[in-house]
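Position in the sequence shown (first residue = 1) + 501 = the numbering used here.
Note that beta-carbon positions come from the ideal geometry of N, C-alpha and C, so glycine has one too.
One structure is given here, and the rest of the page talks about it.
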Amino acid sequence: MTLVKTTYNRRSFFKTSLAAGGGLLIGFNWLASACTSDTPKGLVIPDEWFDVNAYLKIGENGLVTILSPNPEIGQNVKTSMPMIVAEELNVDWKNVIVEQAPLNTKKYTRQLAGGSDSIRTTWTALRTAGASACYMLKKAAADAWSVPVEEVTTELGVIHHKGSGKKAGYGEFASAAAAVPVPEEVELKDLKDFRIVGNSQKNVDGLGIVTGKPLFGLDYKVDGMLTAMIVHPPAFGMTLKSFDASDVKTMPGIKDVFALKVYNDDYARQWCDTSSFTELVAIVGNSTWEVMTAKLMLTVEWEPFTEQKFSAAGWGGNTQDVTVPGGLESTTEHKKKMIAEAAKSARVVRKDGNPEEAFKKAAKVIERTYTAPFLAHSPMEPMNFFADVKEDSAVLVGPIQSPEYMAKTVADRLGFPLEKVEVQMTRMGGGFGRRLYGHFMVEVALISQKMKAPVKLVYSREDEMTAGIYRPMYHAIYRAALDADNKLTAFHVKMGGIPESALHANRFPAGALDNYLAESWSVESNISVGAMRAPASNFNAAAEQSFLDELAEEMGVDPIQFRLDLLKRAQENPVGENNDYDAARYAGVLELVREKSGWDTDSQGKHRGVSAYFCHRSYVAQVLDIVMENGEPKVDHVYNAVDCGIVVNPDAAVNMTEGSVVDGIGTAMYGELTFNNGEPEQNNFDGYRLIRHAEAPRKIDVAFVENEIHPTGLGEPPYPPVMAALANALYKATGTRYYHQPFIKNTFEV
């Protein structure tokens, strides 16, 4: 067993008390996600539960409830997180209920869904919480039975003393256990003794989802609730000039139409307050249909702005002055600027050895350019939120990935103390980073305050896509120097974007070469961008791994072996001290995917591409097979090898990997958002192309590296590399290299 001290944990996230109806309550700081479920059939709920956030509760009948403080965006942590607690508690999984907690910034230090961090940041804390509760139950029983606590064991929610033959359910000692001091240290299970963790459990919300229960933000409603929609500028670089609502206000069901200023001029924005459109027009009415109809009839005038300035904090919290340029931007001009910027000297981020000299002496230089467009997140559920703002308090309910941060923004804008703003989180119909940026929460709070009524704000698909927070536009030039023996002597990447670069200078192949150079640049823009599934990595991997494949072909070596040879150098004799990957784990997934895909055997008419990448602390290698049918390429089979540490819930992990593969193929093949005079040219799914069912792989296999490394991350790592695996397989199938996304166009014409 692993001995874990609980002194810090006890001080920071444990507290015990006796529930009003009897029972053991342990509150703890989770830092991440958990889950909700209906009451298991056949179980009787105790009459009273403590109404607190982030707790483990054991009723007198043995029923266990775990309340989760963090959002669920479809990654299934609502099931996986309680599994960890239940494992160490030694409770029967069928006796566990999990519920979603509201936001409570006093109890929790990180209520956020993002960064593939949910399980990683809570692994030890949740195990310790379950193990401590288990010990306290055993101690209560030992005292009652007058036996040493060391002789007491637990199994499936039952306490045993073998010597006397006594046994009791957890519920019988829950109240007594509440009086037991939290232990200074507890023993955690050996991994080999796990019964719940590592074994698949079904999504606790699954039945509710498929039967249409009201779990999502769009489902939420209360009596007397009004509906609101916003009208935002039709183009980036424009702001509100005037509007005429005289006719609209007389339309059936319409309550009011008014201008809305989302942020005050002197407000220092948080990182999650990203939004280009802060002066809007709100339309409020009785129903969605009435408001949508009125919106079509509203006359609004917009005008260009020359420049905007405000203060904003980055992810680390440092506040800086931000200048947003004016002008109506177009994709054609974006491309020209990227080409021009890429031709200039750029900021050196990392330099090993003497790459300039190596390129001068090279017998051959391989140079390739890769690009990717702006992307919309396109979650299935458009942005929406509910607010009921009273004179001195506010309740907000809806789907948000950053509730703790957005509560601060809402409180500041309403002029309320933070403790007067309550945020309740619903399940999200997709997030992918879009719901990290909660300007829509501020909008609905202001609308409710103005109307003195409960209001739900609903974005149409067109609103969501044209007033969006986008994945930036990227451009990269990769160069490699080969000597007379066709050996790689230097590597150079110059990467940039609008309005930010995707460069990860310290990732592979950095550390594997004596001569390495990484440069970065960016171009300012008034188009709002933010995190999208595996931020920056989703371009970096596509470009880097495509280039490595072409480089291996030029050198006449097997592409998997080429990568393994580089990783061997990085493992045995690394260059530099800032390499942010583990070369052995990286090589491990390549070896595993080579085995699982049968890479070294006859591919039997299939055209194969390989890719491997590290991000969010995890490693994924993929082999993608394409077959030609009627002259068209079809993705037949994708093999995945994943090292994300201990896999808590295998079914959920496989599902996340499968979803990442389908999403990544769709992004690379079809995803593109373009602009003309500041206006997004795609505003719905008739123009913004997503992958279709018939275009998904026929089969996806997932294999996990078995180790005892604490869980790292999985929601994002399988997404970036599949784009390059697809590009490399397409080359084998068609003879054409794919440098520019979307591959369906494969051009970067100005």
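- Counting only the Cα atoms, Ile1127 lies some 16 Å from Thr1102.
- Under the DSSP definition of a beta bridge, Asp889 partners with Val896.
- Under DSSP, Pro826 shares a beta bridge with Glu808.
- For Thr800, the number of other beta carbons within 10 angstroms of its own is below 16, and it is reported as exposed.
- Between Thr910 and Asp774 a beta carbon distance of about 6 Å is seen, short of the 8 Å cut, so the two are scored as contacting.
- Taking 8 Å as the cut-off, the Cβ atoms of Asp720 and Lys579 do not count as close.
- Closest by C-alpha distance to Met881, out of Ala736, Lys837, Trp1022, Gly930, is Gly930.
- Take the alpha-carbon of Val1121 and the one of Ser894: they are about 47 Å apart.
- Looking from the CA of Lys750, the closest CA among Lys742, Ser743, Phe759 belongs to Phe759.
- Excluding the 5 residues flanking it on each side, Lys837 has same chain C-beta neighbours closer than 7 Å at Val1251, in chain order.
- Straight-line spacing of the CA atoms in Asp766 and Gln809 works out to 10 Å.
- Non-local beta-carbon contacts of His733 in its own chain, meaning distances under 6 Å to residues more than five positions away in sequence, involve Phe778, Leu781, Ala968 in chain order.
- With respect to the 8 Å criterion, Asp724 and Met952 are not classified as neighbours on the basis of their beta carbons.
- Residue state for Val705 is assigned as coil, using DSSP reduced to three classes.
- If you draw a straight line from the Cα of Pro973 to the Cα of Tyr1232, it is about 26 Å long.
- For Ser633, the enclosing alpha helix (DSSP H) has its first and last residue at 624-646.
- Rounded to the nearest angstrom, the gap between the Cα atoms of Pro1151 and Tyr1220 is 18 Å.
- In terms of Cβ geometry, Gln1046 and Ser1098 do not form a close pair [threshold 8 Å].
- Secondary structure at Pro583: helix, using DSSP grouped into helix, strand and coil.
- Put simply, the backbone Cα of Met752 is about 57 Å away from that of Lys845.
- For secondary structure counted as the beta strand (DSSP E) over 3 or more consecutive residues, the region 709-781 holds these complete runs in sequence order: 727-732, 739-745, 755-762.
- Judged by beta-carbon spacing, Thr789 lies within the 8 Å limit of Thr728, meaning their Cβ atoms are closer than that value.
- Cβ-Cβ separation between Ala736 and Glu1180: approximately 4 Å, consistent with a contact (criterion under 8 Å).
- Excluding five sequence positions before and after Gly815, the CB atoms of its chain that fall closer than 8 Å to its own CB belong to Trp772, Gln821, given in chain order.
- With contact defined as three or more Cβ pairs closer than 8 Å, the region 1026-1037 and the region 986-1004 are in contact.
- Judged by DSSP secondary structure, Asp913 falls within the alpha helix (DSSP H) whose first and last residues are 904-915.
- DSSP, reduced to helix, strand and coil, places Gln1105 outside both helices and strands of the structure shown, so it counts as coil.
- Where Ala977 is concerned, the enclosing beta strand (DSSP E) starts and stops at 974-983.
- A distance below 8 Å separates the beta carbons of Arg621 and Arg1118.
- With contacts defined as CB atoms closer than 8 Å, Ala888 and Val959 fail to qualify as a contacting pair.
- The residue from Ser903, Ala675, Gly616 with its alpha-carbon nearest to that of Ala643 is Ala675.
- In the same chain as Ala954, and ignoring 5 residues on each side of it, the C-beta atoms closer than 6 Å to its own belong to Leu727, in chain order.
- DSSP places Val943 in the uninterrupted alpha helix (DSSP H) bounded by 940-952.
- The way I'd put it, the region 981-997 doesn't touch the region 821-834; fewer than three beta-carbon pairs between them come closer than 8 Å.
- If you look at Ile559, you'll find it in the beta strand (DSSP E) that goes 556-559.
- For Ala1042, the enclosing alpha helix (DSSP H) has its first and last residue at 1038-1056.
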